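J.: In this text, residue positions in the sequence shown follow our numbering: the first is 534, and each later residue adds one.
Idealized CB from N, CA, C, for every residue including glycine.
Quick caveat: nothing in here was measured; it's all calculated off a predicted structure.
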Amino acid sequence: MAIDGSYAIGKNHLIEFLGDYANEKLNVDGDIVATFGGITDFRREAANLQVQDTINLDKSGSLTFTPIVRWNMWAGEGKFSWGAAIGKDLGNGWSVKATGGTYNRAPNLYELYGDGAFVRPNPDLVWEDGTQWDIGVTWKGQIKSADITATASYFGRRSNNLIEFVMTDPRYGKYFNIGEAEIKGVEVESVIDWNKWNLRMAATWMSAKNTTDDYRKDRQLPNRPKWEGFLRLTRKLFKDDAASAFVELNYIGENYYDSIGTIKMDDILTVGLGFRYSFTKTSRITVGVKDLFDRSPETQMYAVYNGPSRTMWYPLQGRTFYATMTWDF
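(1) Using the rule of at least 16 other Cβ atoms within 10 Å of the residue's Cβ for burial, across every protein chain shown, is Gly483 buried or exposed?
(2) Ignore the nearest five residues each way along the sequence and tell me which others in Thr767's own chain have a CB closer than 6 Å to its CB.
(3) Is it right to say Arg576 is buried, meaning 16 or more other beta carbons lie within 10 angstroms of its own, or is it exposed?
(4) Output the distance between the C-alpha atoms of Ala631 and Gly616, rounded to the nearest integer angstrom.
(5) According to DSSP, is Pro830 part of a helix, a strand, or is it coil?
(6) Which class does Glu787 belong to by DSSP, given the choice of helix, strand or coil?
(7) Mark Asp537 as exposed unless 16 or more other C-beta atoms lie within 10 angstroms of its C-beta, in which case mark it buried.
(8) Taking only the alpha-carbon atoms, compute the straight-line gap between Leu590 and Thr745 and give it to the nearest angstrom.
(9) Please state whether the Cβ-Cβ distance between Arg733 and Val724 is less than 7 Å.
(10) Could you give the distance in angstroms between the alpha-carbon of Leu770 and the alpha-carbon of Pro656?
(11) Find the nearest neighbour of Gly706 within the set Lys717, Glu644, Asn728, judged by alpha-carbon distance.
(12) Mind reading off the beta-carbon distance from Lys612 to Asn637? Whole number of angstroms is fine, and I expect it under 8 Å.
(13) Hey, how far is the Cα of Ser686 from the Cα of Ile619?
(14) Do three or more CB pairs link the region 854-861 to the region 824-840 at distances below 8 Å?
(15) Tell me the DSSP secondary structure of Leu503 in three-state form.
(16) DSSP on Tyr847, reduced to helix/strand/coil?
(17) Just to confirm the assignment: which complete beta strand (DSSP E) runs, minimum length 3, are found wholly within the region 581-660?
(18) Based on DSSP bridge pairs, tell me the residues matched to Thr671.
(19) Straight-line CA distance for Tyr810 to Lys729?
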């Protein structure tokens with residue numbers, strides 16, 4: 534259940550609020566749980582509240598400041614966090630924005646109690662928290678007949694009690710609070726529209742290191758690739774543009790498998806295809822396939838310093854077909 538709304542106070546303030554509540558349930562009736570006679574059903578209540586005020590700092594509305602306060606509750610425990618954003622329209626299609634603040638994240642049921650099979654439970658998990666920020670510049674304009682939006686951002690996060698999934702042996706994995714971490718990176722993305730074509734591109738470089746003061750200090754975090762790339766080319770079809778087809782590429786490079794930065798995964802490039810058809814302005818269907826050539830299960834892991842390559846303990850999901858129906862109301 535969720536509720537949201539906004540209220541303008543004069544010309545210079547826009548108050549927005551968002552609240553949601555959920556009664557979550559997880560069933561983990563797997564073979565491992567059955568073998569040891571464990572509990573199979575878990576429930577928790579969760580709620581979130583958020584209030585923000587967008588303030589115009591000049592008469593033209595080109596300079597805005599937005600403070601935000603959040604309250605997150607999970608399993609009866611609530612925590613506050615805050616943030617702020619400032620944005621400036623520089624004219625000629627250019628704008629800049631900076632955000633910063635704190636965050637909290639409670640472990641979810643899956644992280645706490647596993648899946649009953651390969652993901653083992655860890656009921657001792659505690660909340661993750663920290664600080665985060667980003668600064669970015671955006672340009673919107675035209676080059677000949679193409680409409681272009683391009684954004685470059687520099688981001689960072691410092692985390693305490695970071696929750697991360699780690700394979701503990703060839704059969705089982707588990708979520709741990711792996712300690713303190715520092716993540717920073719650069720992201721570049723753009724959208725280009727011309728005639729019936731649309732091109733979306735994104736590239737990210739990220740440095741993700743464990744900063745806990747022990748043997749893991751300055752080691753790479755698992756499951757946080759240093760390089761990621763995405764490209765999707767879409768072509769509208771038919772005279773009324775009711776349908777479209779797309780092809781996409783996804784790249785992941787320099788990704789670590791363990792919590793001390795000694796085991797890497799192969800770099801991987803996958804291809805996807807899809808088709809979308811709109812029945813009306815409010816209803817559409819999308820069908821497609823991810824990892825068309827089934828490359829992900831072939832991904833191997835290898836020792837950074839010395840050792841042979843081998844099949845990953847928990848192979849990645851391969852070729853996947855999907856269909857989605859959407860109604861807007």
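T.: According to the structure data:
(1) Summary: the structure shown does not reach residue 483, with the chain confined to residues 534 through 862, and so no result is reported for it.
(2) Asn731, Ser777, Phe779
(3) exposed
(4) 11 Å
(5) helix
(6) coil
(7) exposed
(8) 41 Å
(9) yes
(10) One C-alpha to the other measures close to 51 Å.
(11) Glu644
(12) Under the criterion of beta carbons closer than 8 Å, Lys612 and Asn637 qualify as touching, at roughly 4 Å.
(13) Rounded to the nearest angstrom, the two C-alpha atoms are 14 Å apart.
(14) no
(15) With the chain covering 534 to 862 only, the question about residue 503 has no answer from this structure.
(16) coil
(17) 596-607, 610-624, 627-638
(18) Secondary-structure assignment with DSSP links Thr671 through a beta bridge to Ser628, Thr684.
(19) 15 Å
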